[in-house]
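Report on one structure; see the data block that follows.
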């Protein structure tokens, strides 16, 4: 990055918002305000046909943008279930392995068990105190907001997690830009202090 | 790998099965039958207390096992929503970036839009033919079974995807070992042909 502005890859289910272009334009303005460049999954050409080849072209471009970035800022608010969007989770894994710090933010501050129980009606607590959801699978409970791989990847990558104070259980179009800005500011601070340490 | 047996990291929500130890023992036997070694997320010591430090220790061990592996075999059957387990998705991202081929299997052969609609009551189709779910977000529709990042990572890593023929919409304890075996056989064939090509 030397004298140039740090680049942040913008990961999240925001790409599925009804007006995703406006969402990413707003996110890029927030990045610019903090002296960074936002790299958006929407930056490339729109697919001509929504087929497998178009999907792979988007995949390749996203991976390339993560490689070009100095850090990833990821919306890990629950999406269509108790956990973060899987595409976002996969991108955090790529970031970790490529040694990019990953910063995450979630509108929902709840711990994972509360989020599983919000979506399903019943869970049973067994003799060994391990809780199971209605689907028959154990409910991971390490006092974390999501699967430990998400929390571990963000922490071990050198990034950080930020939570909203709302009782929001899921993503909502247009929401969460405040938390996004907090995460961008933290990522920029981290990258600048990292750079100073290397000088 | 030279003359030793290939190692396969076993990714999936199988770790949350009520009898996860038996599940992974069965998966390791299947790996051995195909001349491979199964590396299980349960191989390490059980956590003493289910706290953040224990979670990070498990995270570190899983990442190390992926590094040690020659390929990843991942259960990408829908888990608590229309998509694969997020921990599994994140591990596929790590595998991709570390250049390990990732093989995936899903009991549910359905395309992603059908899985989103199975879980939610309504979706609206707008004028531009883009369908939206009840949550207000677009339903990705590239003719794929899950988020394009999952499919792209598996394909670009050199791996392959296998589907069940059942009308299964989600994971179920004990299910899917047949598909797992198909994936293991494919991973071993891939690694052996890769090795031959390098000789």
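Protein chains in written order, with our numbering: chain A, 1025 to 1223; chain B, 1025 to 1223. Beta carbons: idealized from backbone N, C-alpha and C, even for Gly.
Buried versus exposed call for residue i [16 or more other C-beta atoms within 10 Å across all chains shown]
{"i": "residue 1179/A", "result": "buried"}
{"i": "residue 1124/A", "result": "buried"}
{"i": "residue 1069/B", "result": "exposed"}
{"i": "residue 1207/B", "result": "buried"}
{"i": "residue 1139/B", "result": "buried"}
{"i": "residue 1036/B", "result": "buried"}
{"i": "residue 1053/A", "result": "exposed"}
{"i": "residue 1045/B", "result": "exposed"}
{"i": "residue 1030/A", "result": "buried"}
{"i": "residue 1059/A", "result": "exposed"}
{"i": "residue 1217/A", "result": "exposed"}
{"i": "residue 1181/B", "result": "buried"}
{"i": "residue 1091/B", "result": "exposed"}
{"i": "residue 1073/B", "result": "exposed"}
{"i": "residue 1177/A", "result": "buried"}
{"i": "residue 1079/A", "result": "buried"}
{"i": "residue 980/A", "result": "A query on residue 980/A cannot be resolved here, the shown segment of chain A reaching from 1025 to 1223 and no further."}
{"i": "residue 1212/B", "result": "buried"}
{"i": "residue 1221/A", "result": "exposed"}
{"i": "residue 1142/A", "result": "exposed"}
Option in the options with minimal Cα separation from residue i
{"i": "residue 1033/A", "options": "1082/A, 1176/A, 1046/A, 1098/A", "result": "1098/A"}
{"i": "residue 1051/A", "options": "1064/A, 1086/A, 1042/A", "result": "1064/A"}
{"i": "residue 1041/A", "options": "1079/B, 1163/B, 1043/B, 1030/B", "result": "1163/B"}
{"i": "residue 1196/B", "options": "1194/A, 1159/A, 1213/A, 1210/A", "result": "1159/A"}
{"i": "residue 1169/A", "options": "1198/B, 1209/B, 1110/B", "result": "1110/B"}
{"i": "residue 1039/B", "options": "1204/A, 1029/A, 1172/A", "result": "1172/A"}
{"i": "residue 1214/A", "options": "1094/A, 1113/A, 1087/A", "result": "1094/A"}
{"i": "residue 1174/B", "options": "1116/A, 1212/A, 1089/A", "result": "1116/A"}
{"i": "residue 1122/B", "options": "1080/B, 1088/B, 1142/B", "result": "1088/B"}
{"i": "residue 1161/B", "options": "1211/A, 1199/A, 1061/A", "result": "1199/A"}
{"i": "residue 1201/B", "options": "1067/B, 1210/B, 1129/B", "result": "1129/B"}
{"i": "residue 1137/A", "options": "1083/A, 1157/A, 1126/A", "result": "1157/A"}
{"i": "residue 1118/A", "options": "1142/A, 1219/A, 1083/A", "result": "1083/A"}
{"i": "residue 1043/A", "options": "1067/B, 1154/B, 1204/B", "result": "1154/B"}
{"i": "residue 1210/A", "options": "1075/A, 1048/A, 1055/A, 1049/A", "result": "1055/A"}
{"i": "residue 1184/B", "options": "1203/B, 1057/B, 1078/B", "result": "1203/B"}
{"i": "residue 1096/A", "options": "1120/A, 1049/A, 1166/A", "result": "1120/A"}
{"i": "residue 1057/B", "options": "1205/B, 1221/B, 1223/B", "result": "1205/B"}
{"i": "residue 1066/A", "options": "1049/A, 1076/A, 1167/A", "result": "1049/A"}
{"i": "residue 1224/A", "options": "1081/B, 1062/B, 1028/B", "result": "Nothing about residue 1224/A can be reported from this structure: the residues present for chain A run from 1025 to 1223 only."}
{"i": "residue 1062/B", "options": "1076/B, 1141/B, 1086/B, 1075/B", "result": "1086/B"}
Handout entry: Whole runs of the alpha helix (DSSP H) within the stretch 1121 to 1196 of chain B, excluding any shorter than 4 residues
Key = Qualifying alpha helix (DSSP H) stretches, in chain order: 1136 to 1143, 1172 to 1180.
Practice task
Could you tell me whether the stretch 1128 to 1138 of chain B touches the stretch 1189 to 1208 of chain B, where touching means 3 or more Cβ pairs closer than 8 Å?
Solution key: The stretch 1128 to 1138 of chain B vs the stretch 1189 to 1208 of chain B: in contact.
Practice task
Say whether the stretch 1098 to 1109 of chain A touches the stretch 1094 to 1113 of chain B, bearing in mind that this needs 3 or more beta-carbon pairs closer than 8 Å, one atom from each stretch.
Solution key: Output reads yes: the stretch 1094 to 1113 of chain B touches the stretch 1098 to 1109 of chain A.
Exercise for the section: Using a Cβ-Cβ cut-off of less than 9 Å, give me the residues of the stretch 1155 to 1189 of chain B that come near chain A, in sequence order. Expected result: Interface annotation for the stretch 1155 to 1189 of chain B against chain A: 1156, 1157, 1159, 1160, 1161, 1162, 1163, 1164, 1165, 1166, 1167, 1168, 1170, 1171, 1172, 1173, 1174, 1175, 1176, 1177, 1179, 1180, criterion Cβ-Cβ distance under 9 Å.
Exercise for the section: Name, going along the chain, the residues of the stretch 1103 to 1124 of chain A whose beta-carbon falls closer than 9 Å to a beta-carbon of chain B. Expected result: Residues of the stretch 1103 to 1124 of chain A with a Cβ closer than 9 Å to any Cβ of chain B, in chain order: 1103, 1104, 1105, 1106, 1107, 1108, 1109, 1110, 1111, 1112, 1113, 1114, 1115, 1116, 1117, 1118, 1119, 1120, 1121, 1122.
Practice task
Determine which residues of the stretch 1069 to 1080 of chain A have a Cβ less than 7 Å from any Cβ of chain B, and write them out in chain order.
Solution key: Answer in chain order: 1074, 1075, 1076, 1078, 1079, 1080.
Handout entry: Residues, ordered as in the chain, of the stretch 1029 to 1055 of chain A that lie near chain B by beta-carbon distance below 7 Å
Key = Residues of the stretch 1029 to 1055 of chain A that bring their beta carbon within less than 7 Å of a beta carbon in chain B comprise 1037, 1040, 1041, 1042, in sequence order.
Problem - beta strand (DSSP E) runs wholly inside the stretch 1046 to 1077 of chain B, at least 3 long, in chain order - result: Listed in chain order, the complete beta strand (DSSP E) runs (minimum 3 residues) inside the stretch 1046 to 1077 of chain B are 1061 to 1063.
Handout entry: Selection of the stretch 1193 to 1207 of chain B by Cβ proximity to chain A, strictly under 8 Å
Key = Within the stretch 1193 to 1207 of chain B, contact with chain A at the beta-carbon level (separation under 8 Å) is assigned to 1194, 1195, 1196, 1197.
Exercise for the section: List in chain order: all unbroken beta strand (DSSP E) runs of 3+ residues lying wholly within the stretch 1075 to 1112 of chain A. Expected result: Those beta strand (DSSP E) runs which fall completely within the stretch 1075 to 1112 of chain A and span 3+ residues are 1095 to 1099.
Problem - Near-chain A residues of the stretch 1080 to 1101 of chain B - C-beta to any C-beta below 8 Å - result: Correct list: 1080, 1082, 1083, 1084, 1086, 1087.
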